[in-house]
Amino acid sequence: MKTSKVIDDDKADAGENEDVEEEDVKDDKEDIDKVVEETEDVPEGIKRKRLEAELKKKVRAPGGQVDFRKRRAMERFDIWEPRTRLGMMVRDKEVTNMREALATGLALREPEIVDVLLPDLEDEVLDVNMVQRMTDSGRRVRFAITAVVGNMDGYVGLGQAKGKEVGPTIRKAIDNAKMNIIGIKRGCGSWECGCGTPHSFPFKVNGKCGSIMAQFKPAPRGIELAVGDVAKHILKMAGISDAWGFTTGKTRTTVNYAKAVFHALGKTSSTRVSEVQEEKLNIVKGDVGK
Ligand SMILES: [Zn+2]
């Protein structure tokens, strides 16, 4: 499983340099005082602000893949100018959570909406595919990237992007995944369990893509994810902790496998269920809160 390079680099840096950076920070603080004393022509306040801004960039939150992500989302939110109706509703706080956003039925075309409504969203790169093509002017390399996002609590999205450079293409794939986010239904559909918490699928679902057919069945608590590798990552992101999985077809093609799994997850919501069953299986849609 390949993980996002950009994020990994940052995490590695943050981990390795933690101690060193703390010392750096102390030194820098002394530096600021020194510089502020020395320079008289530049207004003191401005000089200090500038240096403090630089210092802030240096200090990374310890151990923080999530912190890094949150900061990036916050930075982006500061300069965000919504272009869609749903975006404006989110900015004006008319819509304050994902459930409401999806219930509006409006198209989700701005990833910032998801950043705001699901701040704890995690992302993961499922597949990096290098596509080489010969042209008149030589070899052309492009990357096709598949990414999944999820809040581990009922919301999950799958996205793809193609591009010349890995880093920006990963970010694009993650943004696409955010714009494809869906709320899934979970429950305790296993007759062996009956615990009544939404830890598994509420009923059996199928998903198809290309040659691949993915089927998931409710499993009792403690079975964990008895499913394929790609499916495991996607179900975890969606907040399902126990399931049986069966697949047929070429599961080596990660992209189609991922799409089939995502399709099956969508079926949890699109399948009609009677109210009686809904109550019996303790079905919940979207997040339950942790
Ligand atoms: Zn159960």
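Okay, so the sequence shown: first residue is 215 according to our numbering, each after it adds one. Don't be surprised by glycine CBs; every beta carbon is placed ideally from N, CA and C. Because the structure is a prediction, the values reported are computed rather than measured.
For residue i, three-class secondary structure by DSSP
{"i": "residue 401", "result": "strand"}
{"i": "residue 240", "result": "Because the pLDDT at residue 240 is just 47, under 50, the model does not fix this residue reliably, and the point stays unresolved."}
{"i": "residue 379", "result": "coil"}
{"i": "residue 476", "result": "helix"}
{"i": "residue 336", "result": "strand"}
{"i": "residue 484", "result": "helix"}
{"i": "residue 441", "result": "coil"}
{"i": "residue 502", "result": "coil"}
{"i": "residue 363", "result": "strand"}
{"i": "residue 330", "result": "helix"}
{"i": "residue 491", "result": "helix"}
Residue from the options whose Cα sits closest to the Cα of residue i
{"i": "residue 340", "options": "494, 318, 447, 454", "result": "447"}
{"i": "residue 423", "options": "328, 315, 466", "result": "466"}
{"i": "residue 343", "options": "492, 363, 375, 362", "result": "375"}
{"i": "residue 436", "options": "449, 328, 407, 421", "result": "407"}
{"i": "residue 392", "options": "428, 378, 345, 361", "result": "361"}
{"i": "residue 426", "options": "317, 387, 462", "result": "462"}
{"i": "residue 409", "options": "493, 469, 390", "result": "493"}
Per-residue burial, residue i [other beta carbons within 10 Å of its own, 16 or more giving buried]
{"i": "residue 464", "result": "exposed"}
{"i": "residue 381", "result": "exposed"}
{"i": "residue 485", "result": "exposed"}
{"i": "residue 357", "result": "buried"}
{"i": "residue 378", "result": "exposed"}
{"i": "residue 324", "result": "buried"}
{"i": "residue 292", "result": "exposed"}
Strand pairing of residue i, partner residues [DSSP]
{"i": "residue 343", "result": "358"}
{"i": "residue 430", "result": "419, 459"}
{"i": "residue 348", "result": "353"}
{"i": "residue 396", "result": "370"}
{"i": "residue 414", "result": "401, 456"}
Q: Kindly confirm or deny that the region 428-436 and the region 296-313 touch, where touching means at least three C-beta pairs closer than 8 Å.
A: No, the region 428-436 does not touch the region 296-313.
Q. How do the region 320-340 and the region 349-356 stand: do at least 3 beta-carbon pairs fall below 8 Å, yes or no?
A. no
Q. At a cut of 8 Å, does the region 452-466 reach the region 402-415 through at least three beta carbon pairs?
A. yes
Q: Answer yes if the region 471-489 comes into contact with the region 375-393, meaning at least three C-beta pairs across the two stretches below 8 Å, and no otherwise.
A: no
Q. Below 8 Å, can you find three or more Cβ-Cβ pairs linking the region 366-382 to the region 491-503?
A. yes
Q: Determine contact between the region 395-403 and the region 437-444, defined as no fewer than three beta-carbon pairs at a distance below 8 Å.
A: Judged by Cβ distances under 8 Å, the region 395-403 makes no contact with the region 437-444, as fewer than three pairs qualify.
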